[in-house]
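Numbering (this note's numbering), first residue to last: 41 to 368. The next block holds one structure in the form of structure tokens; read it before the comments.
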């Protein structure tokens, strides 16, 4: 089965390269993913999306200057294989598990994406039809069904991943240097016909070896439960003591968990999530009828002075500027 639908079609591949100074616009452009992103570190956000669709095989290259969280739902008809290229060795986690540069991750089609990516991270994603992937894997003699995909993360020996990683690297270099090359029929055909067999062969050989399965941080579960409590109490003050009582855990365990996952204290993380929520709400509000502090109250901020100072430190602009500048 060919990876490219209608290989004889005259339709050109879709190639898009765009830069963004707004995290929500950047997340919206990460197609075909349905992404929600929040900024974790203070400062102006800058991101870039490179996207190429070879009529069935898609490559998405995402870069950003700030630490962010990415969450996205998945289609059961699609499978994604992601890997990292990092400039400054910043930590990246998937479902609470620290990722290494020889990992492939995010390929369980039944599990939403839950990525925490540090500053100056590069993520490259290959996305393709699940049935095409399964059919070719079977033709090549490999059992790479849903049970295999549920691992969601594989840590390879560097030698095993070398050829596939090189292919991902070549894709990113074309994006950076000459993205118009992707529109040439010879290049798109070469990528379409060569990448998937290489991917399947790399995965298939891995299944025949005993291997260590990476595990998430042990406190990841209480961090996720804390996030659920915070989401259910958006407009209410929350204290560390309240959260610990509800989760029946100690403040030290909760604090260690958030430091491991986010590099932040629990309360700092909750405040940052609420600031992102305020910003998203302001960008979609009518500046003629909206009062900034009314929105801030909806997200649990009651002191105008503290809120404004925290907001400006986080996003590099006043909340009133966000309300005025981002009207849809």
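Every residue gets a Cβ at the ideal spot worked out from N, C-alpha and C, and that includes glycine.
Pick from the options that is closest to residue i, judged by C-alpha positions
i           : options            : result
residue 238 : 213, 263, 219, 204 : 204
residue 354 : 125, 228, 157, 317 : 317
residue 173 : 228, 197, 233, 160 : 233
residue 117 : 149, 56, 108       : 149
residue 330 : 101, 199, 93, 360  : 360
residue 107 : 75, 246, 133, 74   : 133
residue 211 : 296, 97, 350, 266  : 97
residue 171 : 115, 246, 284, 223 : 115
residue 245 : 293, 58, 188, 131  : 188
residue 59  : 228, 197, 87       : 87
residue 216 : 336, 100, 131, 230 : 100
residue 328 : 272, 231, 259, 365 : 365
residue 162 : 144, 190, 102, 151 : 102
residue 191 : 247, 179, 342, 273 : 247
residue 131 : 299, 342, 356      : 299
Inter-residue Cα distance where the pair is residue i and residue j
i           : j           : result
residue 50  : residue 95  : For residue 50, the pLDDT reaches just 47, beneath the cut-off of 50, and the residue's location in the model is therefore unreliable, although a value from the coordinates is still provided. Their Cα atoms are separated by approximately 11 Å.
residue 310 : residue 218 : 42 Å
residue 153 : residue 347 : 30 Å
residue 277 : residue 340 : 6 Å
residue 177 : residue 183 : 7 Å
residue 82  : residue 302 : 14 Å
residue 55  : residue 220 : 8 Å
residue 53  : residue 93  : 6 Å
residue 269 : residue 199 : 44 Å
residue 351 : residue 304 : 17 Å
residue 67  : residue 121 : 18 Å
residue 214 : residue 104 : 18 Å
residue 125 : residue 209 : 8 Å
residue 146 : residue 166 : 10 Å
residue 320 : residue 77  : 10 Å
residue 197 : residue 181 : 22 Å
residue 47  : residue 259 : Confidence is the limiting factor: at residue 47 the pLDDT is only 41, short of 50, which leaves the residue's position unreliable and the question unanswerable from this model.
residue 291 : residue 139 : 27 Å
residue 112 : residue 222 : 27 Å
residue 336 : residue 344 : 8 Å
residue 349 : residue 308 : 14 Å
residue 43  : residue 175 : Caution is warranted here: a pLDDT of 39 is assigned to residue 43, below 50, making its placement in the model unreliable, and the coordinate value is therefore given only provisionally. Spanning the two alpha carbons is a distance of roughly 10 Å.
residue 334 : residue 325 : 11 Å
residue 358 : residue 231 : 46 Å
residue 289 : residue 261 : 12 Å
residue 235 : residue 224 : 17 Å
residue 226 : residue 342 : 60 Å
residue 273 : residue 57  : 39 Å
residue 271 : residue 356 : 25 Å
residue 229 : residue 285 : 58 Å
residue 151 : residue 207 : 26 Å
residue 144 : residue 160 : 19 Å
Any non-hydrogen atom of the ligand NAP within 6 Å of residue i CB
i           : result
residue 158 : This structure does not include the ligand NAP; it has no bound ligands of any sort.
C-beta contact flag for residue i and residue j at 7 Å
i           : j           : result
residue 363 : residue 322 : yes
residue 89  : residue 69  : yes
residue 136 : residue 256 : yes
residue 75  : residue 123 : no
residue 332 : residue 297 : no
residue 193 : residue 142 : no
residue 110 : residue 63  : no
residue 254 : residue 186 : no
Cβ separation of residue i and residue j, assumed to be a contact under 8 Å, to the nearest whole Å
i           : j           : result
residue 306 : residue 280 : 6 Å
residue 168 : residue 119 : 6 Å
residue 241 : residue 338 : Wrong, their Cβ atoms sit about 52 Å apart, outside the cutoff.
residue 61  : residue 85  : 6 Å
residue 243 : residue 266 : Going by Cβ atoms, the distance from residue 243 to residue 266 rounds to 35 Å, so no, they are not a contact pair.
residue 312 : residue 80  : 6 Å
Within-7 Å CB hit, residue i to chain B
i           : result
residue 119 : In the structure shown, chain B cannot be found, because there is only a single protein chain.
List, from N- to C-terminal side, the alpha helix (DSSP H) runs of 4 residues or more that fit wholly inside the region 251 to 323.
As far as the region 251 to 323 is concerned, its whole alpha helix (DSSP H) runs of at least 4 residues are 260 to 271, 280 to 287, 291 to 302, 306 to 323.
Quick one: complete beta strand (DSSP E) runs, 3+ long, within the region 155 to 192?
161 to 169
What runs of the beta strand (DSSP E), each 3 residues or longer, lie entirely inside the region 60 to 103?
74 to 79, 87 to 93
Scan the region 189 to 221 and note each continuous alpha helix (DSSP H) run of 4 residues or more that stays entirely inside, going in chain order.
198 to 217
Unbroken beta strand (DSSP E) runs of length 3 or more, entirely within the region 341 to 368: which are they?
none
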